[in-house]
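S.K.: Following our numbering, the numbering of the sequence shown begins with 6 at its first residue and continues without gaps.
The beta-carbon is built from N, C-alpha and C at its ideal position, and this holds for glycine as well.
Encoded as structure tokens, here's the structure I'll be asking about.
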Amino acid sequence: MIRPNAQTPLDPATDAALLLRRIGFATLALALPLASLVSRRAAVVLVPIGVILLSIAALIEAPRWFAGNIRASIFSRAGLTLWALVGWAVLSLVWSPYTGSATEKAANLFLAVALGFAGAAALPERMRASNLNLAALGAGTAAIFALGLLLTEALSPIDSRAANAAGSVERGVSIVLIMAWPALAWLLSRERGLTALGLALVVGLLALSRIEDGEAMAMLCGAIAFGAVSANRMVGARLMAGILAGLMLLAPLLPFLLLPFFRLSPAVFSTVGTGLDIWADIISSRPLQLITGHGLDTVLRGRTTGALPLEVPTTILFETWYELGLVGAATAALCLYFAVSAAGRMPGALAAGGVAAYVTAFALAALGFASFQTWWLMTLTAVALLFTAIARGQYRTERPVAPLGRRPKAPNIPAGE
Numbered sequence: 006m007i008r009p010n011a012q013t014p015l016d017p018a019t020d021a022a023l024l025l026r027r028i029g030f031a032t033l034a035l036a037l038p039l040a041s042l043v044s045r046r047a048a049v050v051l052v053p054i055g056v057i058l059l060s061i062a063a064l065i066e067a068p069r070w071f072a073g074n075i076r077a078s079i080f081s082r083a084g085l086t087l088w089a090l091v092g093w094a095v096l097s098l099v100w101s102p103y104t105g106s107a108t109e110k111a112a113n114l115f116l117a118v119a120l121g122f123a124g125a126a127a128l129p130e131r132m133r134a135s136n137l138n139l140a141a142l143g144a145g146t147a148a149i150f151a152l153g154l155l156l157t158e159a160l161s162p163i164d165s166r167a168a169n170a171a172g173s174v175e176r177g178v179s180i181v182l183i184m185a186w187p188a189l190a191w192l193l194s195r196e197r198g199l200t201a202l203g204l205a206l207v208v209g210l211l212a213l214s215r216i217e218d219g220e221a222m223a224m225l226c227g228a229i230a231f232g233a234v235s236a237n238r239m240v241g242a243r244l245m246a247g248i249l250a251g252l253m254l255l256a257p258l259l260p261f262l263l264l265p266f267f268r269l270s271p272a273v274f275s276t277v278g279t280g281l282d283i284w285a286d287i288i289s290s291r292p293l294q295l296i297t298g299h300g301l302d303t304v305l306r307g308r309t310t311g312a313l314p315l316e317v318p319t320t321i322l323f324e325t326w327y328e329l330g331l332v333g334a335a336t337a338a339l340c341l342y343f344a345v346s347a348a349g350r351m352p353g354a355l356a357a358g359g360v361a362a363y364v365t366a367f368a369l370a371a372l373g374f375a376s377f378q379t380w381w382l383m384t385l386t387a388v389a390l391l392f393t394a395i396a397r398g399q400y401r402t403e404r405p406v407a408p409l410g411r412r413p414k415a416p417n418i419p420a421g422e
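Now the structure itself:
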């Protein structure tokens with residue numbers, strides 16, 4: 006006799022939604038870090054695909070719940086602040102001298118923020134561990150693959166090495182490094198200490214291979230933030246949030262405070278101090294434009310056309326103040342404070358990992374690495390979605406306690422009854 010299945014069969018629509026959600030999350034957690042090592046535009050292509058699949062799954066399963074989540078996130082305090090920053094960036098197109106390229110840059114910023122809101126709203130309240138394991142699998146596999154590519158590049162001839170340097174390996178390494186933080190946070194939250202240690206060692210070796218470009222310094226800043234939040238979650242998160250927001254808000258004071266120290270060493274001044282000197286001259290000669298900024302995309306295009314010297318600082322601090330002014334910088338500082346504070350309120354090891362990821366990303370941008378490039382914005386969107394998904398996978402189910410008393414004996418029923 007065939008026993009009927011005790012579980013209720015899944016509805017075909019629900020089954021399709023589960024499959025689409027798994028494919029969409031695998032695109033962000035597994036395909037993105039691996040594909041970024043072989044394609045320079047992997048993040049630009051894969052992140053929208055992953056978010057679209059997650060959104061379709063949510064629309065199939067619970068469309069009203071999905072719409073309510075989007076509405077709640079947009080009209081939250083942090084959401085309104087972020088959209089205010091995007092709105093000011095779009096408004097700066099009015100006085101930007103490079104309207105064409107600035108419009109494209111504003112559209113990319115809008116798209117990254119919209120994808121972040123849509124993806125977070127599409128994630129279910131309870132994420133399956135089988136899906137979240139893909140974050141650690143993707144980061145670990147990509148880190149090992151990246152080490153192999155870098156070793157092959159180091160052993161290759163000079164001509165081939167120069168060709169590979171212009172490829173996507175360096176960009177992919179940066180994506181793998183920033184995506185290692187949610188993977189480590191997930192492993193630690195599941196008490197897989199040895200696996201987390203192995204992943205940390207591989208990622209550390211990968212970061213040391215990029216020590217000349219600043220990725221190792223950024224990861225070191227993230228590690229310090231991780232330790233501070235692990236020691237005291239509330240104090241560490243508030244401290245890091247205050248430091249990042251303060252640096253963004255008080256950035257115009259940095260050239261005047263740092264120039265006397267750089268002038269003491271002529272060798273260092275020739276590389277860093279020249280940019281700070283130009284920044285100080287711009288602030289002194291154009292004080293009124295500190296309020297509104299010069300418009301979006303004026304730093305990159307200004308260097309290309311000769312409107313700005315080539316030695317101007319390539320940092321997000323200068324870029325934000327020069328393009329968006331005090332209004333944009335103050336709004337960006339609020340966004341940073343809200344984001345880091347929210348990360349510090351996540352459960353368990355996610356708080357330390359989330360704050361470390363924000364500090365690492367800010368350090369990379371402050372050191373002049375891909376501040377507003379499309380692929381970097383998409384990568385940060387994917388990292389934020391991974392942390393959101395892992396936070397929703399921290400639920401615990403408890404089995405009911407079995408009674409300790411003896412089981413009642415079955416009544417003796419005669420065979421004939």
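Report back the beta-carbon spacing between V360 and A370 to the nearest angstrom; my notes put them in contact at under 8 Å.
M.R.: The residue given as residue 360 occupies position 355 in the sequence shown. The residue given as residue 370 occupies position 365 in the sequence shown. Incorrect: roughly 16 Å between the Cβ atoms, too far for contact.
S.K.: Below 6 Å CB to CB, which residues in the same chain sit around A230 once its five sequence neighbours on both sides are set aside?
M.R.: Taking the first residue of the sequence shown as position 1, residue 230 is located at position 225. Closer than 6 Å at the Cβ level, and outside the excluded window around A230, lie M245, V360, A361 and V364.
S.K.: Please look up how many angstroms separate the CB atoms of F122 and I75, rounded, as I've assumed it's under 8 Å.
M.R.: Counting from 1 along the sequence shown, the entry for residue 122 is found at position 117. Counting from 1 along the sequence shown, the entry for residue 75 is found at position 70. Indeed, because the Cβ distance is near 6 Å, the residues count as touching under 8 Å.
S.K.: Quick check on DSSP: helix, strand or coil for T279?
M.R.: Taking the first residue of the sequence shown as position 1, residue 279 is located at position 274. In the structure shown, the three-state DSSP call for T279 is helix.
S.K.: I need the DSSP call for P292, collapsed to helix, strand or coil.
M.R.: Sequence index remark: in the sequence shown, residue 292 carries index 287 (1-based). In the structure shown, P292 sits in coil (DSSP, three-state: anything other than H, G, I, E or B).
S.K.: Is L391 near the ligand PLP, judged by its Cβ being under 8 Å from some heavy atom?
M.R.: Annotation note on the ligand PLP: not contained in the displayed structure, which lists no ligands.
S.K.: With contact counted as at least three CB pairs below 8 Å, one residue from each stretch, are the region 326-342 and the region 292-303 in contact?
M.R.: yes
S.K.: Applying the 10 Å Cβ sphere with the 16-neighbour rule, what's the burial state of R291?
M.R.: Start at 1 with the first residue of the sequence shown, and residue 291 comes out as number 286. The residue in question, R291, is exposed, as its Cβ has fewer than 16 Cβ neighbours within 10 Å.
S.K.: Answer yes if the region 31-41 comes into contact with the region 101-110, meaning at least three C-beta pairs across the two stretches below 8 Å, and no otherwise.
M.R.: no
S.K.: Straight-line CA distance for E130 to A72?
M.R.: Walking along the sequence shown from the start, residue 130 turns up at place 125. Walking along the sequence shown from the start, residue 72 turns up at place 67. Their backbone Cα atoms lie some 14 Å apart in a straight line.
S.K.: Considering V56, what are the terminal residues of the alpha helix (DSSP H) in which it resides?
M.R.: Here the question's residue 56 lines up with position 51 in the sequence shown. Per DSSP, V56 belongs to the alpha helix (DSSP H) from A47 to E66.
S.K.: Which residues in the same chain as S103 place their Cβ atom closer than 7 Å to its Cβ, once the five residues preceding and following it in sequence are excluded?
M.R.: In the sequence shown, the residue the question calls residue 103 occupies position 98. Checking the displayed sequence, the identity of residue 103 turns out to be Tyr instead of Ser. Excluding sequence neighbours, Y103 sits near D302, T303 and R306.
S.K.: Restricting to runs no shorter than 4 residues, where is the alpha helix (DSSP H) found entirely within the region 111-190?
M.R.: 134-160 and 163-170
S.K.: Count the other CB atoms, across all protein chains shown, that sit within 10 Å of the CB of T384; report buried if there are 16 or more and exposed otherwise.
M.R.: Counted from its first residue, the sequence shown places residue 384 at position 379. That one is buried.
S.K.: Going along the chain, which residues of its own chain have a beta-carbon closer than 8 Å to the beta-carbon of L98, five neighbours each way excluded?
M.R.: Taking the first residue of the sequence shown as position 1, residue 98 is located at position 93. T104, A107, T108, A111, G300 and L301, listed in sequence order.
S.K.: Could you tell me how far apart the beta carbons of L204 and F30 are, in whole angstroms, since I believe they sit closer than 8 Å?
M.R.: One-based indexing of the sequence shown puts residue 204 at position 199. One-based indexing of the sequence shown puts residue 30 at position 25. Not really, about 19 Å apart at Cβ, beyond 8 Å.
S.K.: What are the complete alpha helix (DSSP H) segments, minimum 4 residues, inside the region 228-257?
M.R.: 238-254
S.K.: Can you list, in chain order, the residues of its chain whose CB lies under 6 Å from that of E288, leaving out five sequence neighbours each side?
M.R.: Sequence index remark: in the sequence shown, residue 288 carries index 283 (1-based). Sequence inspection shows Ile at residue 288; the Glu mentioned does not correspond to that position. Same-chain partners within the cutoff: P257.
S.K.: E328: buried (16+ other C-beta within 10 angstroms of its C-beta) or exposed?
M.R.: Indexing the sequence shown from 1 puts residue 328 at position 323. Per the 10 Å Cβ criterion, buried.
S.K.: By a C-beta neighbour count over all protein chains shown, 10 Å radius and 16 as the cutoff for buried, is R176 buried or exposed?
M.R.: To locate residue 176, count along the sequence shown from 1; it is residue 171. Burial call: buried.
S.K.: Do A21 and I65 come within 9 Å of each other at the CB atom, strictly closer than that value?
M.R.: Residue numbering aside, residue 65 sits at position 60 when the sequence shown is read from its first letter. Residue numbering aside, residue 21 sits at position 16 when the sequence shown is read from its first letter. Yes; because the gap between Cβ atoms is below 9 Å, this pair is in contact.
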